[in-house]
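Residue numbers for the sequence shown follow my numbering, so the first one is 20 and each next one is one higher. The beta-carbon is built from N, C-alpha and C at its ideal position, and this holds for glycine as well. Note that the structure is a prediction, hence the values are computed from the model and not measured. Take a look at the structure set out below.
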Amino acid sequence: MNEVIIKNTPDYEQKSVDSAVEYIFEKSEITPLLTPTARVVVKLNLLRKASPEEAITTHPAVVGAVITALKKRGVKDILIADCPSGAFTVNRMKSIYSACGISQFEGEGVRLNYDFTSTFK
20 MNEVIIKNTP DYEQKSVDSA VEYIFEKSEI TPLLTPTARV VVKLNLLRKA SPEEAITTHP
80 AVVGAVITAL KKRGVKDILI ADCPSGAFTV NRMKSIYSAC GISQFEGEGV RLNYDFTSTF
140 K
């Protein structure tokens, strides 16, 4: 499976991003594997504590669109994860998730990673 799908979006308005992400999911070869029993890790790029407007981290509109697309396909176990630079502590990660606009997604089948061992639980 070697594919790259690119879809331009004019802005970070949720409707625009949702449309672009849905297009990508519709075209992707991996989409049939997304079932209610699938466990999916959404790997973000959260370099450091930064607001979405700073354009340093994965924008929350993209995260929301990916979660929506996964749930639309029945996925019930979604883990949002990253290992930003610096110390890996729960408090630091909570601070980063909050500043980056990611905390809002926790719940209803979506977990934020605070475990820095090498296994997926």
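Distance check between Ile43 and each of Arg58, Ile97, Leu98 and Lys26 places Lys26 closest, using alpha-carbon atoms only.
Fewer than three Cβ pairs drawn from the stretch 56 to 67 and the stretch 27 to 39 lie within less than 8 Å of each other, which leaves the two stretches out of contact. Distance from the CA of Ile49 to the CA of Arg92, rounded to the nearest whole angstrom, comes to 12 Å. Fewer than three beta-carbon pairs drawn from the stretch 31 to 47 and the stretch 93 to 102 are found closer than 8 Å, and the two stretches are therefore not classed as touching. Gly120 counts as buried, since no fewer than 16 other beta carbons sit within 10 angstroms of its beta carbon.
Proximity to Val82 across Thr136, Val40 and Leu52 peaks at Val40, based on C-alpha coordinates. For the alpha helix (DSSP H) assignment, the uninterrupted runs of no fewer than 4 residues enclosed by the stretch 46 to 116 are, from N- to C-terminal side, 79 to 91. Between the C-alpha atoms of Gln123 and Ala57 there is a straight-line separation of about 22 Å. Within the same chain, Tyr31, Gln33 and Val36 come within 7 Å of Ala80 by CB-CB distance, once the 5 residues on both sides are set aside.
Annotation: Ala69 to Gly128 spans about 25 Å, alpha carbon to alpha carbon. The DSSP-derived three-state label of Val23 is coil.
The Cβ neighbour count for Ala106, taken over all protein chains shown within 10 Å, is under 16; the residue is labelled exposed.
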